[in-house]
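Chain order of the listed sequences is A and B.
Plus 1 on top of the position in the first sequence (first one is 1) and you've got my numbering.
Plus 42 on top of the position in the second sequence (first one is 1) and you've got my numbering.
By construction, the Cβ of each residue, glycine as well, lies at the ideal position given by its N, Cα and C atoms.
Since we're looking at a predicted model, the values are computed, not measured.
One structure is given below, encoded as structure tokens.
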Amino acid sequence: KAGVTQTPRYLIKTRGQQVTLSCSPISGHRSVSWYQQTPGQGLQFLFEYFSETQRNKGNFPGRFSGRQFSNSRSEMNVSTLELGDSALYLCASSSIGGGYEQYFGPGTRLTVT
Amino acid sequence: GESVGLHLPTLSVQEGDNSIINCAYSNSASDYFIWYKQESGKGPQFIIDIRSNMDKRQGQRVTVLLNKTVKHLSLQIAATQPGDSAVYFCAELTGNQFYFGTGTSLTVIP
């Protein structure tokens, strides 16, 4: 079975721009969760989608949004980028969701200049 | 050891020795815990989990110990190998959300 894939792997944007990141879960997994990882804050939960519905959400501003398609692929969008948004964005897929039995992708390294 | 939300400590061990990585969690209501391993350039990888109704769980070369009295979790790696070099972090489930520590960087000296 193919693992979780994320595209792009690296991205450089400037302040004020917006960005869209993509995640393809493991085949058959209906849950996709997104996380932000920074050296200072560690791994922080953004949101989880299950069968196209947002099931849970972390404490991030509304500039961070996501969606899930009928084939379980998910995208997250960050609008009006700030320098502090520079981070590794990870997605994880699961067959049961809720953070259980998650398989993480390699992440997208976003740098905001 | 690490605490959820604090700096990244480091641990160096000789190949073949046992490693112990610690994690202090904050919420006494947390009922499920996971240890992850993250190698450079990769996403976190599940190692082992434990529920709050247990105090010890063993896997292949790894053991997780849970002390609910002092809200402490530890990961023991037996016969540490160079391939074990990575960042290890714990996660606690509180309500319906996981909270993650920032991790401990383990370096194995050949």
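- For B:Asp91, the enclosing beta strand (DSSP E) starts and ends at Gln87 to Arg93.
- In terms of Cβ geometry, B:Leu108 and B:Tyr130 do not form a close pair [threshold 8 Å].
- Contact between A:Gly98 and A:Phe51 holds: CB atoms are separated by about 5 Å, below the 8 Å threshold.
- Put simply, the CB of A:Pro107 is near chain B, with a gap under 8 Å to one of its CB atoms.
- The C-beta of B:Phe140 comes closer than 8 Å to at least one C-beta of chain A.
- Residues of chain B with a Cβ closer than 7 Å to the Cβ of A:Gly100 are, in chain order, Leu135 and Phe140.
- Between the C-alpha atoms of B:Gly83 and B:Lys110 there is a straight-line separation of about 33 Å.
- Counting only the Cα atoms, B:Tyr74 lies some 18 Å from A:Ser96.
- Secondary structure of A:Gly85 (DSSP, three-state): helix.
- Looking from the CA of A:Arg68, the closest CA among A:Glu53, A:Asn60 and A:Leu82 belongs to A:Glu53.
- The straight-line gap separating the alpha-carbon atoms of A:Asp86 and A:Gly100 is approximately 23 Å.
- Taking the CA atoms as reference points, B:Ser127 sits about 22 Å from B:Arg99.
- Those residues of the region 57-72 of chain A placed with their C-beta closer than 8 Å to a C-beta in chain B are Asn57 and Gly59, ordered along the chain.
- Below the 9 Å Cβ cutoff, chain A contributes Gly43 and Leu44 as neighbours of B:Phe131, in chain order.
- Neighbours of B:Lys84 in chain A, taken as residues at a C-beta separation under 7 Å, are given in chain order as Pro107.
- Close CB contacts of B:Gln87 within its chain, under the 8 Å cut and outside five residues either way in sequence, are with Tyr78, Lys79, Gln80 and Glu81 (chain order).
- By the rule that beta-carbons nearer than 8 Å mark a contact, B:Phe75 does not touch chain A.
- Leaving aside the five residues that flank A:Gln55 on each side, the residues in its chain whose CB is nearer than 6 Å to its CB run, in chain order, Phe48.
- Rounded to whole angstroms, the Cβ separation of A:Ala93 and A:Tyr11 is 19 Å, and the two are not in contact under 8 Å.
- DSSP, reduced to helix, strand and coil, places B:Gly125 within a helical segment of the structure shown.
- The C-beta of B:Ser54 has fewer than 16 other C-beta atoms within 10 Å across all chains shown, which makes the residue exposed.
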